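Here is the structure we will look at, set down as structure tokens.
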Amino acid sequence: MVQFDSQDPYEVIYQFAPIDQVAPLSHETYVPRASTPLLDAIGRGIIDLAHRLATMPAGEKPDQVVFVIITDGQENSSREFKKAQVMKLLAEKQEQDKWQFVFLSADLTALDDAMDYGFQAPAAMSFDKDAQGTAAVFESLAKNVRSYRAQKAESLAFDEEDRAQQRSEKARKQDPED
């Protein structure tokens, strides 16, 4: 898990840690800060993970790779990677290595950017910047990852039920009766 922002463009929080050894995220351990070097985080993340996997013994390499980007903003401060470089990396990993990429954003504009970078629309979703919206999108993501890992799904595409859940969260906020 990597946190990225202009204060620390690539802060590794956890690297290949067993999930039972990962502390739950909190306001103290994972805080959005400053600008968003989105291209740098994606590019560096792909390269670092590819290098790590290439140096692993064959028996330890995972059969499936799921790469999830979560952002609360759009690209506005990358210095190392350009859009074309990220597009190339994404395409290579999706086509050659069958990596699955998911893009989650609390900023609708960032979703448009994600499509421009090469993310697949079915595996991208926006969510509300609050506890309910965040919980709903992570619930959908967890369901999709479980299904993909169990080989019940070929990809991590969000379905209409997932998207309806996000729409209902937005509608609930706009309805003062709820």
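Residue -3 is where the sequence shown starts when you use our numbering, and the numbers rise one by one after that.
Heads up, the beta-carbon is just placed ideally off N, CA and C, and yes, glycines get one too.
None of these values were measured; they are calculated from a predicted model.
Distance CB(residue i)-CB(residue j) smaller than 9 Å
| i | j | result |
| --- | --- | --- |
| V133 | V62 | no |
| A(-2) | I9 | The sequence given here places Val at residue -2; Ala does not occur at that position. Against a cut-off of 9 Å, the Cβ pair of I9 and V(-2) comes out as a contact. |
| V18 | V64 | no |
| Q81 | L34 | no |
| F154 | M111 | no |
| Q162 | F115 | no |
| S136 | D158 | yes |
Nonlocal neighbours in the same chain, by C-beta distance under 7 Å from residue i, ignoring five residues either side
| i | result |
| --- | --- |
| D68 | P28, A102, D103 and K125 |
| A87 | G114 |
| T130 | F123 |
| A117 | M111 |
Own chain, CB closer than 8 Å to residue i, minus 5 neighbours either side, in chain order
| i | result |
| --- | --- |
| L85 | I38, G39, I42 and I43 |
Proximal residues to residue i (C-beta, below 6 Å), its chain only, five neighbours per side dropped
| i | result |
| --- | --- |
| N72 | S31 and T32 |
| A149 | S143 |
| P5 | P33 and D36 |
| F1 | Just to set this straight, residue 1 is Asp in the shown sequence, not Phe. Around D1: R29 and A30. |
Expected contact under 8 Å - CB spacing of residue i and residue j to nearest Å
| i | j | result |
| --- | --- | --- |
| Q70 | A106 | 4 Å |
| Q92 | S151 | That pair is no contact at about 16 Å. |
| I66 | L100 | 5 Å |
| R145 | Q60 | 6 Å |
| L45 | K57 | The pair is not a contact, with the Cβ atoms about 11 Å apart (cut-off 8 Å). |
For residue i, the residue or residues it bridges with in DSSP
| i | result |
| --- | --- |
| M(-3) | Bridge partners of M(-3): none, in fact. |
| V8 | V(-2) |
| A120 | F99 |
message: As an exercise, report each continuous alpha helix (DSSP H) stretch of at least 4 residues that is fully enclosed by the region 52 to 101, in chain order.
response: 79 to 91
Any beta strand (DSSP E) of 3 or more consecutive residues that is wholly inside the region 109 to 157: 120 to 122
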